[in-house]
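Counting with our numbering, you get residues 13 to 340 for the letters of the sequence shown.
Cβ atoms here follow ideal geometry from the backbone N, Cα and C, with glycine treated the same way.
Owing to the predicted nature of the structure, the values given are computational and were not obtained by experimental measurement.
Only one structure is covered here, and it is reproduced in the block below.
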Amino acid sequence: MAAGVSVSSASRVMSGRGEFGAGTRARVIAAAEQLGYERSATTRGRPRNLDTRLVELVLGTFSGSWTDAVVRGAREAAFRVGYDLALTLERDEPEDDWPARVATRRPSGIILGVITPTTRQLDQLRGLRIPIVLLDPRSDVGGDLPSIGTTDWRGGYDAGVHLASTGIRRFLIVTGAPQFRFGRARETGFRQAIAEYQQGAVIDRVTTDWELLQVTSEFFKPFVEIDERLGVFALSDDMAFIVYRVVDALGLSIPDDVSIVGFDDVERAARMEPPLTSIRQPVTAIAARAVEMVHAAHSGEEVHERIELPSQLVVRESSRATNLTNPG
């Protein structure tokens, strides 16, 4: 058989009987799809040849403001175009079976949000012959998969122009490890702006994990014995919140000693003390557009493109000019 298993084993997989590994199940289901085989006449009372009208949203986590906005945008868009939304968690395990779990639900399309599927997993999903859209992919996208995100480079550039305009000459970039595509773009844009508007300025760099976001001794070094105002660009708002904690622990002041700009503009940003200046990316709109792309492709339209919705600088108290600096 095309899946490399016996006919009897394939039959048990397709009928949901027997114990098989995730890889075996995915191979059998993909092979059956390619051969045009229907698992059964009905599933839970529904004919198998009917469109499920289901969009699968796969994420690496379902906690945090960013994820909440993604789910909200996808859910609202799915409702508008007549789909249900299923949520699938990508487990950080070598034998994660999420492609097989997706395959069993036979969705109309899949949105992969900020995850890094392996080549094998992508091949399994392609075998389902349904639309796949990448939402804010971590690595540069090649091939035939459409993707959507925000203008990361422009957002970083706008943050740099803004901080430079306050007269600051010393800067710190708080970045994440590993260095994802969107993080690299934000940092490159920021450095370009500083090079244009504050030539000769010093730019330091400190790294944390994108998700663990722990305060380490490395974080304190750039803030110790500050002799001039420091401009901080954090590649996410969550990273900016760490800077707030460090500044407070050292008895420094925002924005008199440290001026901060984040990225994402999550709800908490406006509630910080002082409120955080941030680059707003339209997360809800991005997720909604991803659903619309799935719907368009499912309807037979060609969707082979990279879409970027514009970011926006939202200026708040954390980066205002002070009497310690001279704008311009």
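Next item on the list: Give the straight-line distance between the Cα atoms of Thr380 and Ala246, rounded to the nearest whole angstrom.
Entry: A query on residue 380 cannot be resolved here, the shown segment of the chain reaching from 13 to 340 and no further.
Margin query: Using C-beta distances below 7 Å, list every residue in its chain close to Arg193, excluding the 5 sequence neighbours before and after it, in chain order.
Written below: Pro149, Arg150, Ser151, Asp152
Next item on the list: Determine the burial state of Arg58: buried for a count of at least 16 other Cβ atoms within 10 Å of its Cβ, exposed for fewer.
Entry: Residue placement at Arg58 is poorly supported in this model, since its pLDDT is 40, which falls under 50; the coordinates still yield a value, given next. That one is exposed.
Next item on the list: Specify the secondary structure class of Phe275 as computed by DSSP and reduced to three states.
Entry: strand
Margin query: Let me confirm a value: Ala282 is counted as buried when at least 16 other C-beta atoms fall within 10 Å, else exposed. Which label applies?
Written below: exposed
Next item on the list: State the DSSP-derived secondary structure class of Gly139, mapped to helix, strand or coil.
Entry: coil
Notebook entry, point to check: Buried or exposed: Thr130, going by 16 or more other Cβ atoms within 10 Å of its Cβ?
Noted result: exposed
Checklist line | Own chain partners of Glu329 with C-beta closer than 6 Å, once the 5 adjacent residues on each side are dropped | finding: Pro286, Pro287
Margin query: In the DSSP assignment, the alpha helix (DSSP H) including Gln324 goes from what residue to what residue?
Written below: Not the alpha helix (DSSP H): Gln324 falls in the beta strand (DSSP E), residues 324-326.
Check: Where does Leu101 fall in DSSP's three states?
Finding: strand
Notebook entry, point to check: What are the residues that DSSP puts in a beta bridge with Arg318?
Noted result: Ser159
Next item on the list: Evaluate the contact criterion for the stretch 303-323 versus the stretch 90-101: three or more CB pairs, one atom per stretch, below 8 Å.
Entry: yes
Margin query: Our contact map puts Val70 next to Glu102 with C-beta atoms below 8 Å; I'd like the distance itself, whole angstroms only.
Written below: 6 Å
Check: Hey, how far is the Cα of Asp170 from the Cα of Ile160?
Finding: 20 Å
Notebook entry, point to check: If you compare alpha carbons, which of Val278, Ala297, Glu68, Val236 is closest to Ser265?
Noted result: Val236
Notebook entry, point to check: Are the CB atoms of Val255 and Val186 nearer to each other than 8 Å?
Noted result: yes
Margin query: Please state the DSSP three-state secondary structure of Gly290.
Written below: Looking at the sequence itself, residue 290 is Ser, so the reference to Gly does not match. In this structure, Ser290 counts as strand in the three-state DSSP scheme.
Note to self: What does the alpha-carbon distance come out to for the pair Thr64 and Ser120?
What the structure shows: 6 Å
Next item on the list: To the nearest angstrom, report how far apart Gln324 and Arg292 are at their CA atoms.
Entry: 5 Å
Checklist line | Proximity of Asp268 and Ile238 at Cβ, strictly below 8 Å | finding: no
Item checked: 4-residue-minimum alpha helix (DSSP H) runs that sit fully inside the stretch 107-131, ordered along the chain -> 110-117
Item checked: Top-ranked residue by Cα proximity to Ala86, from Ala299, Asp109, Lys233 -> Ala299
Margin query: By alpha-carbon positions, which one of Asp216, Glu68, Trp78, Gly94 ends up nearest to Trp222?
Written below: Trp78
Notebook entry, point to check: Does DSSP put Val83 in a helix, a strand or coil?
Noted result: helix
Item checked: Straight-line Cα distance separating Arg132 from Pro143 -> 17 Å
Check: Buried or exposed: which applies to Thr289, given that a residue is buried once 16 or more other Cβ atoms fall within 10 Å of its Cβ?
Finding: buried
Notebook entry, point to check: How close, in whole Å, do the beta carbons of Thr219 and Ala261 come, if the pair is a contact with beta carbons under 8 Å?
Noted result: Wrong, their Cβ atoms sit about 19 Å apart, outside the cutoff.
Notebook entry, point to check: Mapping DSSP to helix, strand and coil, what is Ala333?
Noted result: coil
Margin query: Tell me the residue span of the beta strand (DSSP E) that contains Gly243.
Written below: 242-246
Item checked: Where Leu66 sits in the DSSP three-state scheme -> strand
Next item on the list: Using three-state DSSP, classify Ala189 as helix, strand or coil.
Entry: strand
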